[in-house]
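Position one of the sequence shown corresponds to residue 1 (UniProt numbering), numbered consecutively onward. Notes follow once the structure below has been shown.
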Amino acid sequence: MLTERHLQIFIALAEEQHFGDAARAVGITQPPLSQGLRRLEALVGAKLSERGQGRVELTPAGADLLPYARRALTSMEELRQAAVSRDPEGPEIRLGLAPEVPPSAGAAVAAACGAAIPGSRVTVVSAPTSSLVGQVSAGRLTLAAVLHPAVLDGLEAGPVTLLPTWALAPKALGAKDGEEVALRRLTGVPIAVRPRAEAPAARDLFLDTLALHRPDGGTVVVTDERAGLAMAAAGQAIVVTADPSLTAPGVGRHRIVDNPLPVRLRLVWSRTRTPFLRPADVMARLTDAMVAS
1 MLTERHLQIF IALAEEQHFG DAARAVGITQ PPLSQGLRRL EALVGAKLSE RGQGRVELTP
61 AGADLLPYAR RALTSMEELR QAAVSRDPEG PEIRLGLAPE VPPSAGAAVA AACGAAIPGS
121 RVTVVSAPTS SLVGQVSAGR LTLAAVLHPA VLDGLEAGPV TLLPTWALAP KALGAKDGEE
181 VALRRLTGVP IAVRPRAEAP AARDLFLDTL ALHRPDGGTV VVTDERAGLA MAAAGQAIVV
241 TADPSLTAPG VGRHRIVDNP LPVRLRLVWS RTRTPFLRPA DVMARLTDAM VAS
């Protein structure tokens with residue numbers, strides 16, 4: 001079946017004349033772009049492109065079909081916008097939030113979405129950064145607040161927001177509750193970290209920074225901050241969190257000297273899939289809401 005993604009791949013390849021650049025323009029990696037092109041060629045029964053001297057060129061059949069592909073893609077976009085404008089409940093903004101986004105920040109962004117797009121409906125899902133990026137690329141989410149850095153595959157992105165963090169440490173470690181401490185002082189138990197696959201680039205940055213400031217402390221993988229907090233309460237881990245409400249008996253909350261492990265967040269969206277979002281005026285407000293929370 002011919003899909004919108006097939007048309008996007010074909011048009012991007014014709015415009016960029018390079019597989020890597022076309023993949024970034026569409027918001028995917030090169031292997032699925034090549035697969036999509038092969039499926040399209042099978043559907044139309046003709047070879048559409050050939051590799052030339054350092055670039056990709058359309059075949060005569062590809063050149064003949066390109067205007068039809070452009071018109072078909074334009075018609076699909078017009079259909080989508082017409083459906084949005086006629087929806088009696090208003091446009092739906094599907095917002096994704098990484099688990100590291102504090103509840104107050106997520107609520108502030110959701111409220112700002114509703115205020116920025118009058119008459120809109122906001123639905124919210126939580127998922128790891130790697131999943132959110134894929135869902136925004138595929139059009140299943142309108143925008144998402146994800147960890148930075150991340151491979152965005154051609155998505156648009158707002159500025160990076162740094163949220164300060166606290167170390168939640170077992171009181172048995174000796175630091176006074178509320179005392180600002182250096183990471184090197186928090187020894188004896190590992191730092192809780194989430195699985196690397198959820199946000200590989202952001203996790204690597206976290207671990208590299210941790211190794212500089214606390215080279216001998218070690219880490220332990222947990223499924224989420226609640227599990228990490230339970231381990232902290234049991235005297236078995238330290239949690240680094242941006243959530244100001246996260247606490248438990250027997251756990252002290254500490255600012256870390258010089259804030260070396262902030263939660264780095266940014267909003268991402270697809271330029272081609274958000275007809276009712278205007279990045280210049282909407283995304284700035286959403287980012288401000290995330291910071292102000």
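Even glycine gets a Cβ: it sits at the ideal position worked out from N, Cα and C.
Subject >> Per-residue burial, threonine 287 [other beta carbons within 10 Å of its own, 16 or more giving buried] >> reply: Answer is buried; the Cβ neighbour count reaches 16.
Original post:
How about serine 120 and proline 91: are their beta carbons less than 9 Å apart?
Top reply: The answer is yes: Cβ separation under 9 Å.
**OP:** Taking all protein chains shown into account, decide if residue 327 is buried (16 or more other Cβ within 10 angstroms of its Cβ) or exposed.
**Re:** Residue 327 lies beyond the residue range present for the chain, which begins at 1 and ends at 293; the question has no answer from this structure.
**OP:** Please report the Cβ distance between serine 126 and proline 99, rounded to the nearest whole angstrom; I am assuming they are in contact, meaning their Cβ atoms lie under 8 Å.
**Re:** Indeed they touch by this definition, with Cβ atoms about 6 Å apart.
Original post:
If you pair each beta-carbon of the segment 178-197 with each one of the segment 154-162, do three or more pairs fall below 8 Å?
Top reply: No, they do not touch.
**OP:** Apply the 10 Å Cβ neighbour rule to threonine 241 and answer buried if 16 or more other Cβ atoms are within range, or exposed otherwise.
**Re:** With 16 or more Cβ atoms within 10 Å of its Cβ, threonine 241 is classed as buried.
**OP:** Counting only runs of 3+ residues fully inside the segment 81-150, write out the beta strand (DSSP E) ranges in chain order.
**Re:** Counting only runs of 3 or more, we get 92-97, 121-126, 143-147.
Original post:
Can you tell me whether DSSP reads serine 75 as helix, strand or coil?
Top reply: In this structure, serine 75 counts as helix in the three-state DSSP scheme.
**OP:** Rounded to whole angstroms, what's the CA-CA distance from isoleucine 11 to alanine 201? Just pull it up for me.
**Re:** Cα to Cα, isoleucine 11 sits roughly 30 Å from alanine 201.
**OP:** Answer yes if the segment 167-179 comes into contact with the segment 135-155, meaning at least three C-beta pairs across the two stretches below 8 Å, and no otherwise.
**Re:** With the rule of 3 Cβ pairs closer than 8 Å, the segment 135-155 does not count as touching the segment 167-179.
Subject >> Identity of the residue in Pro102, Gly20, Leu141, Thr74 nearest leucine 95 by Cα >> reply: Out of Pro102, Gly20, Leu141, Thr74, the CA that lies nearest to the CA of leucine 95 is found in Leu141.
Original post:
So, using beta-carbon positions, are glycine 36 and lysine 47 closer together than 9 Å?
Top reply: No; because the gap between Cβ atoms is not below 9 Å, this pair is not in contact.
**OP:** Can you give me the Cβ contacts of alanine 22 inside the same chain, cut-off strictly under 8 Å, excluding the 5 residues immediately before and after it?
**Re:** Beyond the five residues adjoining it in sequence on each side, alanine 22 comes within less than 8 Å, by CB distance, of Ile9, Ala12, Leu13, Glu15, Glu16, Leu33, Val56 in the same chain, given in chain order.
**OP:** Tell me arginine 51's beta-bridge partners as DSSP assigns them.
**Re:** According to DSSP, which records beta bridges pairwise, arginine 51 is partnered with Val56.
Subject >> Backbone CA spacing between methionine 231 and alanine 145 [nearest angstrom] >> reply: The alpha-carbon atoms of methionine 231 and alanine 145 are separated by roughly 27 Å.
Original post:
Based on Cα-Cα distance, which residue from Pro31, Phe19, Ser270 lies nearest to glycine 54?
Top reply: The option with the nearest alpha carbon to glycine 54 is Phe19.
Subject >> Sufficient close CB pairs (3 or more, under 8 Å) joining the segment 62-81 to the segment 208-226 >> reply: The segment 62-81 vs the segment 208-226: no contact.
Subject >> Span of the beta strand (DSSP E), counted from its first residue to its last, around threonine 241 >> reply: First-last of the beta strand (DSSP E) with threonine 241: 239-241.
**OP:** Helix, strand or coil for isoleucine 11, going by three-state DSSP, please let me know.
**Re:** Look at isoleucine 11 here: in three-state DSSP terms it is helix.
Original post:
Among residues of its own chain, excluding the 5 on either side of threonine 247, which ones have a beta-carbon nearer than 6 Å to its beta-carbon?
Top reply: Hits under 6 Å: none found.
**OP:** Give the C-beta separation of valine 122 and cysteine 113 to the nearest angstrom, bearing in mind that I take them to be a contact with Cβ-Cβ under 8 Å.
**Re:** The pair is a contact, with the Cβ atoms about 5 Å apart (cut-off 8 Å).
Original post:
DSSP three-state call for glutamate 179: helix, strand or coil?
Top reply: In the three-state DSSP reduction, glutamate 179 falls in the coil class, being neither helix nor strand.
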